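Trainee: Just so you know, the numbering used here puts 325 at position 285 of the sequence shown, and the rest follows in order with no gaps.
Just dropping this structure here.
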Amino acid sequence: MVIDLRSDTVTKPSKGMLEYMMAAEVGDDVYKEDPSVNALEEHLAELFGMDQALFFPSGSMANQAALKLHTNPGEQVICDKYAHIYNYEGGGASFNSGISCKLIDGHRGMFTAEQAEASINPPDFYHSPLTSLIAIENTTNKGGGACWDFEELKRIRKIADRHALGYHLDGARLWNALVAKNERPKAYGGLFDTISVCLSKGLGCPMGSVLIGKKDIMQRAIRVRKILGGGMRQVGFAAAAGLYAINRNLDLLADDHIRAKEIGEVLKSKSYIKKVEPIETNIIIFELDDDVDEQTFLNTLKKKDIHIIGMGSNKLRMVTHIDYTDMMHDSLLQTLGTL
Ligand SMILES: *Cc1c(COP(=O)(O)O)cnc(C)c1O
Numbered sequence: 041m042v043i044d045l046r047s048d049t050v051t052k053p054s055k056g057m058l059e060y061m062m063a064a065e066v067g068d069d070v071y072k073e074d075p076s077v078n079a080l081e082e083h084l085a086e087l088f089g090m091d092q093a094l095f096f097p098s099g100s101m102a103n104q105a106a107l108k109l110h111t112n113p114g115e116q117v118i119c120d121k122y123a124h125i126y127n128y129e130g131g132g133a134s135f136n137s138g139i140s141c142k143l144i145d146g147h148r149g150m151f152t153a154e155q156a157e158a159s160i161n162p163p164d165f166y167h168s169p170l171t172s173l174i175a176i177e178n179t180t181n182k183g184g185g186a187c188w189d190f191e192e193l194k195r196i197r198k199i200a201d202r203h204a205l206g207y208h209l210d211g212a213r214l215w216n217a218l219v220a221k222n223e224r225p226k227a228y229g230g231l232f233d234t235i236s237v238c239l240s241k242g243l244g245c246p247m248g249s250v251l252i253g254k255k256d257i258m259q260r261a262i263r264v265r266k267i268l269g270g271g272m273r274q275v276g277f278a279a280a281a282g283l284y285a286i287n288r289n290l291d292l293l294a295d296d297h298i299r300a301k302e303i304g305e306v307l308k309s310k311s312y313i314k315k316v317e318p319i320e321t322n323i324i325i326f327e328l329d330d331d332v333d334e335q336t337f338l339n340t341l342k343k344k345d346i347h348i349i350g351m352g353s354n355k356l357r358m359v360t361h362i363d364y365t366d367m368m369h370d371s372l373l374q375t376l377g378t379l
């Protein structure tokens with residue numbers, strides 16, 4: 041039995057999902073003639089109470105399109121130093137949009153409205169890049185699945201309004217935050233200008249993300265997606281997986297969160313662990329004791345068919361997901377306990 045906790049992207053479509061996908065009605069989505077894609081986009085726009093949604097092949101592309109829609113070359117986006125758009129999208133912000141990132145030294149990938157406001161360059165000071173966007177991430181990936189306080193997000197909205205900045209949410213992992221904090225998608229839809237959500241993480245789809253937003257911004261999104269190479273044809277098979285997952289798999293995230301907390305409890309009790317970061321959703325980040333070598337530890341687990349990833353500086357990560365079964369969970373807890 042292989043236990044793969046490297047990421048929640050390692051999941052495979054379930055039998056039910058595959059059957060639903062195969063039965064999907066499809067058409068050419070570049071002509072907007074794919075009924076399944078259109079249904080997914082309409083469903084998500086409606087779910088978030090926003091005007092329009094657009095299907096993307098990946099979360100990175102949805103975020104990159106959002107950056108492009110909110111900025112002009114030479115301008116600057118404010119984000120946390122842990123932000124996915126800065127660390128894990130291949131330098132796309134500068135490559136695709138010609139913009140720079142002003143990094144905030146936040147806490148677990150989150151920052152305050154005061155920090156955001158202090159990062160805005162004065163618009164008449166032409167020596168500095170013009171600030172045009174604030175981007176936040178919920179839950180935070182590198183921050184260990186931490187969830188933002190919604191009140192802080194509201195305060196940042198006010199800062200964005202006061203300075204006429206765009207406000208983007210990288211919500212690749214927003215489903216986890218919604219479930220963990222019992223929040224409503226419409227609350228987020230009412231706060232942000234654009235939101236990206238992933239279908240291929242906790243929800244267990246083989247691919248796909250959706251960018252949701254206000255009409256005046258989203259009407260240019262289809263052109264940007266085309267430029268980025270993201271116009272796809274009979275992609276309703278993938279969109280159908282998304283529709284299936286939103287209806288059936290959303291509530292299952294609560295189980296992922298419980299299991300992650302249980303893993304954290306076992307880790308905390310072990311002498312080879314220095315620190316376990318607070319666990320709010322499905323990501324467990326922990327630090328090994330100074331005298332434990334990271335590679336040796338990873339190899340020990342690998343020999344027992346347990347796969348997790350190193351994040352550098354003796355920090356390791358596990359992510360629970362829909363394909364992580366009760367049997368795997370029992371076996372993992374037992375193994376960690378005996379190490
Ligand atoms: C996974 C992820 C993305 C995008 O991922 P893709 O692999 O490009 O689909 C974006 N932001 C966050 C926070 C993520 O966790």
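Note that CB positions come from ideal geometry on N, CA and C, so glycine has one too.
All values derive from a computational prediction rather than experimental measurement.
Straight-line CA distance for Gly-271 to Leu-328?
Mentor: 44 Å
Trainee: Helix, strand or coil for Gly-206, going by three-state DSSP, please let me know.
Mentor: strand
Trainee: Measuring only from the beta carbon, is Arg-213 closer than 7 Å to any heavy atom that is part of ligand 1?
Mentor: Because some heavy atom of ligand 1 lies under 7 Å away, the Cβ of Arg-213 counts as near it: yes.
Trainee: Is it the case that the CB of Ser-140 approaches a heavy atom of ligand 1 more closely than 7 Å?
Mentor: no
Trainee: Enumerate in chain order the residues of its own chain whose CB-to-CB distance from Asp-291 is below 8 Å, with the five nearest sequence positions on each side excluded.
Mentor: The residues Val-219, in chain order, have a CB closer than 8 Å to that of Asp-291 in the same chain once the five nearest residues on each side in sequence are set aside.
Trainee: Could you tell me which uninterrupted beta strand (DSSP E) segments, each at least 3 residues in length, are contained entirely in the stretch 272-330, listed from first to last along the chain?
Mentor: 313-316, 323-328
Trainee: Which residues in the same chain as Ala-217 place their Cβ atom closer than 6 Å to its Cβ, once the five residues preceding and following it in sequence are excluded?
Mentor: Asn-178, Thr-179, Cys-187
Trainee: Indicate the three-state DSSP secondary structure (helix, strand or coil) for Lys-52 in the structure shown.
Mentor: coil
Trainee: Return helix, strand or coil for Glu-86, following the three-state DSSP convention.
Mentor: helix
Trainee: Check for me: the alpha helix (DSSP H) holding Ala-212 runs from which residue to which?
Mentor: No alpha helix (DSSP H) holds Ala-212; DSSP gives it neither H nor E.
Trainee: Return yes when the Cβ of Asn-289 is within less than 8 Å of the Cβ of Ile-243, no when it is not.
Mentor: Ile is not the amino acid found at residue 243; the sequence shown has Leu there. Closer than 8 Å, so yes.
Trainee: Report the three-state DSSP secondary structure of His-369 (helix, strand or coil).
Mentor: helix
Trainee: Rounded to the nearest angstrom, how far is the Cβ of Val-77 from that of Ala-279, given a contact under 8 Å?
Mentor: Between Val-77 and Ala-279, the beta carbon gap of about 4 Å places them in contact (Cβ cut-off 8 Å).
Trainee: Rounding to the nearest angstrom, what Cα-Cα distance links Phe-232 and Met-62 in this structure?
Mentor: Between Phe-232 and Met-62, the C-alpha separation is close to 34 Å.
Trainee: Just checking Cys-187 against ligand 1 - is the residue's beta carbon closer than 7 Å to any of the ligand's heavy atoms?
Mentor: Checking the Cβ of Cys-187 against ligand 1 gives no.
Trainee: Which residues does DSSP pair with Met-358 in a beta bridge?
Mentor: Ile-324
Trainee: Tell me whether the stretch 85-99 and the stretch 144-160 touch, counting them as touching only if at least three CB pairs, one residue from each stretch, are closer than 8 Å.
Mentor: no
Trainee: Who are the Cβ neighbours of Ala-133 in its own chain at under 8 Å, not counting the five residues just before and after it?
Mentor: Gln-104, Leu-107, Val-117, Ile-125, Tyr-126, Ile-139, Ser-140, Cys-141
Trainee: Report the CB separation of Ser-425 from Ala-200 in whole angstroms; it is logged as a contact under 8 Å.
Mentor: The shown model of the chain, from 41 to 379, leaves out residue 425, and the question about it has no answer.
Trainee: According to the neighbour-count rule (16 or more other Cβ atoms, all chains shown, within 10 Å of its Cβ), is Tyr-312 buried or exposed?
Mentor: By the 16-neighbour rule on beta-carbons within 10 angstroms, Tyr-312 is exposed.
Trainee: State the DSSP-derived secondary structure class of Ala-217, mapped to helix, strand or coil.
Mentor: Looking at Ala-217 - three-state DSSP - the assignment turns out to be helix.
Trainee: Taking C-alpha atoms, which residue in Asp-330, Ile-346, Arg-46 lies nearest to Met-368?
Mentor: Ile-346
Trainee: Taking 7 Å as the cut-off, is the CB of Glu-317 close to at least one heavy atom of ligand 1?
Mentor: no
Trainee: Given a cut-off of 8 Å on the beta-carbon distance, is the pair Leu-338 and Gly-352 in contact?
Mentor: no
Trainee: Given a cut-off of 8 Å, decide if Asn-181 and Leu-170 are closer than it, judged by their beta-carbon atoms.
Mentor: The answer is no: Cβ separation not under 8 Å.
Trainee: Give the C-beta separation of Leu-341 and Asn-136 to the nearest angstrom, bearing in mind that I take them to be a contact with Cβ-Cβ under 8 Å.
Mentor: Actually they do not touch by this definition, with Cβ atoms about 37 Å apart.
Trainee: Is Asp-210 near ligand 1 - that is, is its Cβ less than 7 Å away from at least one heavy atom of it?
Mentor: yes
Trainee: Which term fits Ile-348, buried or exposed, when burial requires 16 or more other beta carbons within 10 angstroms of its beta carbon?
Mentor: Looking at its Cβ environment, which holds 16 or more other Cβ atoms inside 10 Å, Ile-348 is buried.
Trainee: Taking the alpha-carbon of Asp-48 as reference, which of Glu-320, Lys-254, Leu-293, Lys-221 has the nearest alpha-carbon?
Mentor: Leu-293
Trainee: Please find out if some non-hydrogen atom of ligand 1 comes closer than 7 Å to the beta-carbon of Lys-344.
Mentor: no
Trainee: Who are Thr-340's beta bridge partners in DSSP?
Mentor: Answer by DSSP bridge pairing: none, since Thr-340 is not bridged.
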